[in-house]
Amino acid sequence: MSQPPESASTPGSGLVCDFCGQRSASVRRVALDRGYDRLGPASRELYACPVCSEAKEKARKGLPPR
17 MSQPPESAST PGSGLVCDFC GQRSASVRRV ALDRGYDRLG PASRELYACP
67 VCSEAKEKAR KGLPPR
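Residue numbering for the sequence shown follows the numbering used here, beginning at 17 and increasing consecutively.
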């Protein structure tokens, strides 16, 4: 699993979600799944907090939001 860039964090304050801009203790990036590939050079690496990651996953799978 890829690690977020150091610039995404400030010591002791968590990582920044690229989607909502909030700080979080953890962020996630889904890059590969069946029919989904974000490893190519045209894809910018974006990291999501747990809340945004769940929402993105549901949207990608066509599920209704929470």
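The C-beta atom is built at its ideal place from N, Cα and C for all residues, glycine as well.
Assignment of Ala64 by DSSP, reduced to helix, strand and coil, places it in the strand class. Taken atom to atom, the span from the alpha-carbon of Ala64 to that of Glu70 is near 9 Å.
When beta bridges are read from the DSSP output, Ser40 appears opposite Leu31. About 32 Å separates the CB atoms of Gly51 and Arg39; that is not less than 8 Å, and the two are not in contact. Cys68 is the residue among Cys68, Ser42, Leu55, Ala58 whose C-alpha sits nearest the C-alpha of Cys36.
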